[in-house]
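Residue numbers for the sequence shown, in numbering that gives the first Met the number 0: 0 to 152.
Heads up: the structure comes next, in structure tokens.
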Amino acid sequence: MSNLKVEIKTENDVTNLNLTGRIDEDADLSPILGVKDKNLHINFNAVEMINSCGIREWINMLGQLSGAITYSHCPQTVIEQINMVHGFIKPGIKVESFYAPYYEESSDDVKMILIKTNDVVDNKAPVMKNDNGEELEFDAIEAQYFQFIKQMK
């Protein structure tokens with residue numbers, strides 16, 4: 000049984016795909032292949048994990064799609080896979096937004112903050128503040144975490 004739920008909504012000329020669950024060997028990606036729209040917007044917000052088998056199946060699926068594809072709300076696990084595995088984003092795929100780890104000193108906690116790819120300039124994390132206006136510290140190596148941005152150019 001598939002651990003991945005794919006919710007499909009078409010608005011104007013864009014098909015929005017909201018993914019929930021796990022992208023693994025049991026994930027059923029056929030609903031995505033059934034979409035005939037040329038503009039796909041894939042929201043990874045509720046993806047809990049992705050493993051090597053899921054990555055393999057995802058890359059195979061991408062080879063069967065055509066048109067513009069945009070990824071959004073990519074959790075850290077997806078960003079790490081995009082950076083490590085050639086083919087997770089193919090030419091023409093854009094990552095619109097993703098979660099990035101920021102350390103909050105006052106709470107001694109790491110917060111995952113949604114940022115837009117366009118807000119990353121010269122491989123530098125955008126400045127983020129907590130509710131009290133205190134600046135948060137980016138909690139990863141920028142050159143590694145933002146590697147995927149170069150792949151899109």
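Backbone N, C-alpha and C fix where the C-beta goes; we use that ideal spot for every residue, glycine too.
Predicted model, so just to flag it, every value in this text is computed and none were measured.
{"Query": "Quick one: Cα of residue 68 to Cα of residue 57, how far?", "Result": "13 Å"}
{"Query": "Measuring CB atoms only, is the region 73–91 touching the region 101–108, in the sense that at least three cross pairs come out at less than 8 Å?", "Result": "no"}
{"Query": "Under the rule that 16 or more other beta-carbon atoms within 10 Å means buried, what is residue 52, buried or exposed?", "Result": "exposed"}
{"Query": "Taking the alpha helix (DSSP H) that residue 29 belongs to, which residues open and close that run?", "Result": "29–32"}
{"Query": "Pick out the complete beta strand (DSSP E) segments inside the region 90–142, 3 residues or longer, and give them in chain order.", "Result": "92–94, 96–103, 108–115"}
{"Query": "Express the C-alpha separation of residue 119 and residue 49 in angstroms, rounding to a whole number.", "Result": "25 Å"}
{"Query": "Would you mind working out which of 90, 81, 103, 91 sits nearest residue 97, comparing C-alpha positions?", "Result": "81"}
{"Query": "Relative to the C-alpha of residue 101, which residue among 124, 83, 43, 117 is closest?", "Result": "124"}
{"Query": "I believe residue 39 touches residue 16 by the beta-carbon criterion, under 8 Å. Please report the beta-carbon distance rounded to the nearest angstrom.", "Result": "6 Å"}
{"Query": "What is the DSSP secondary structure of residue 39, counted as helix, strand or coil?", "Result": "strand"}
{"Query": "Looking at residue 150 and residue 88, is the spacing between their C-beta atoms short of 7 Å?", "Result": "yes"}
{"Query": "Of the choices 122, 128, 116, 7, whose alpha-carbon is the least far from that of residue 31?", "Result": "7"}
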